[in-house]
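Residues in the sequence shown are numbered consecutively from 10, following the numbering used here. Single-structure report; data block below.
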Amino acid sequence: MNTKEIAKALRRNISGIVIWEKILCYNLVLLITPCYFIFEMSVVRPTIVAKYNMGALKHTLHMICSTFCFLNVVGNMIYSIVIDTKVKITVESNSYCKICKIRRPEKAWHCKTCNVCILKRDHHCFFFSRCIGLRNQRYYVLYLGYVFISMIYSLYYNYYYVVTKFEEDDMVLSAYRVINPFLRYLIPEPMGIKDLYMFFLFLNTGLVIWSGGLFYFHMMNVLNGLTAHEFKKDFSVDWEMKKNNFLSVFGVKWYWAVIMPFAESPLPQDVDMKCQ
Ligand SMILES: [Zn+2]
Ligand SMILES: [Zn+2]
C-alpha cells in the first residue's frame, strides 16, 4: 500500500466515523431525548399521580420543573451542536496550522474529525459530532448539568414507578437477576418484563453517575481556565481567578444563560471589542 492509498483509506475511515457520529447525534436530538421525556410524561407521571394521590399543586409543580429541565437539556444540546466555534480569520500569532493555512490564537487547535481549527478547543464530542470550544462550551457544560439534574429527578420518579410493578420482595430478587444474570438459574421465577424495568432503573442510575462525573470534570476545568487535555487537579481558592474564568465561558449575563439557553450573554472579550 503506497502513501496515497493509505491517505485515501484514512480519509474514508474518518468520513465513516463522521457519518456514524451524525446518525448518533440526530438520534439523540430528534429521537432519544424527546422519547425519554414523552415516556416520563405520558406513562410514568400518570401512574404515579394515580397511585400516590398527588395533589393538583404538587402535580403542577412537577410539570413545571420537568418541562424546565427538558427545555434546558434540549436547548443547550441544540446550541452546542449548531454554534460554530472554528477559527475564521488569521491573527498575529506564532501558532500556524498547515492544513487550514492560517495563524490561529493561543489554545486554538486543529480537529482531525471536523477538519478545521477550533477556538480554545476543549475536545471533540462524539455524541454531538462537534468540537467543543470557546463559543459553545457554556452550552455543553450546561447540557451536562441539566442532564445530571434531570437524571436525578427522573430516577426519583422512575423508582416509584418501578415499585408499582412489583409485589413484596420481588424487587430485590429482580435487582439480583439484573446485576448477575447467572442468578436466574438459582432464582425460580424466570426473567420477565419486570426485569426490563429494573434494568432501566439501573441504566438511569448509571446516567446519574456518568453525567455527574462529566459535569464535575468540565466545571472544574471552566473554573481553573483549562481545556480537557490540560486538566490538572487544582484546589486553589483564588476566587477572583475562578470568577473571571467562569465569566469567560458563561458570559457577562451568566445568570440568564444558566436558566435559558437562548439568552444573550456575551463573552467579556466581545464586550471589550464593542467598547473599543
Ligand atoms: Zn487547522
Ligand atoms: Zn472536532
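Ideal Cβ placement from N, Cα and C applies to all residues, glycine included.
Please list the terminal residues of the continuous alpha helix (DSSP H) segment that includes residue i.
i	result
Cys-74	65-91
Arg-139	It is not in any alpha helix (DSSP H) - Arg-139 instead sits in the beta strand (DSSP E) that spans 139-141.
Ile-218	202-233
Thr-47	Contrary to the premise, residue 47 reads as Ile rather than Thr in this sequence. Its alpha helix (DSSP H) spans residues 42-48.
Ile-188	179-188
Asn-253	248-259
Measure the Cβ-Cβ separation of residue i and residue j and say whether it is below 8 Å.
i	j	result
Met-228	Val-150	yes
Ala-117	Cys-126	yes
Tyr-287	Leu-216	Nothing in the structure corresponds to residue 287, since the chain is present only between 10 and 285.
Val-156	Ser-220	yes
Ala-237	Asp-131	yes
Phe-48	Ile-90	no
Cys-134	Cys-120	no
Lys-203	Phe-226	no
Asn-36	Tyr-88	no
Phe-255	Val-267	no
Tyr-206	Val-171	yes
Thr-214	Leu-164	yes
Thr-173	Lys-60	yes
Tyr-166	Val-53	yes
Using the rule of at least 16 other Cβ atoms within 10 Å of the residue's Cβ for burial, across every protein chain shown, is residue i buried or exposed?
i	result
Tyr-264	exposed
Lys-95	buried
Asn-253	exposed
Leu-305	Nothing about residue 305 can be read from this structure; the chain reaches only from 10 to 285.
Leu-232	buried
Gly-142	buried
Cys-74	exposed
Phe-224	buried
Would you say residue i reaches chain B, if we count a Cβ-Cβ gap shorter than 8 Å as a contact?
i	result
Met-250	This model lacks chain B altogether, as it is built from one protein chain only.
For the beta strand (DSSP E) that contains residue i, what are its first and last residues?
i	result
Ile-158	Note, Ile-158: premise wrong, no beta strand (DSSP E); alpha helix (DSSP H) at 146-172.
Val-38	It is not in any beta strand (DSSP E) - Val-38 carries neither H nor E in the DSSP assignment.
Ile-127	125-127
Thr-134	Rather than Thr, the amino acid found at residue 134 in this sequence is Cys. 132-134 is the extent of the beta strand (DSSP E) around Cys-134.
His-119	118-120
Within 6 Å of ligand 2: residues by beta-carbon to any heavy atom: Cys-120, Thr-122, Cys-123, His-133, Cys-140
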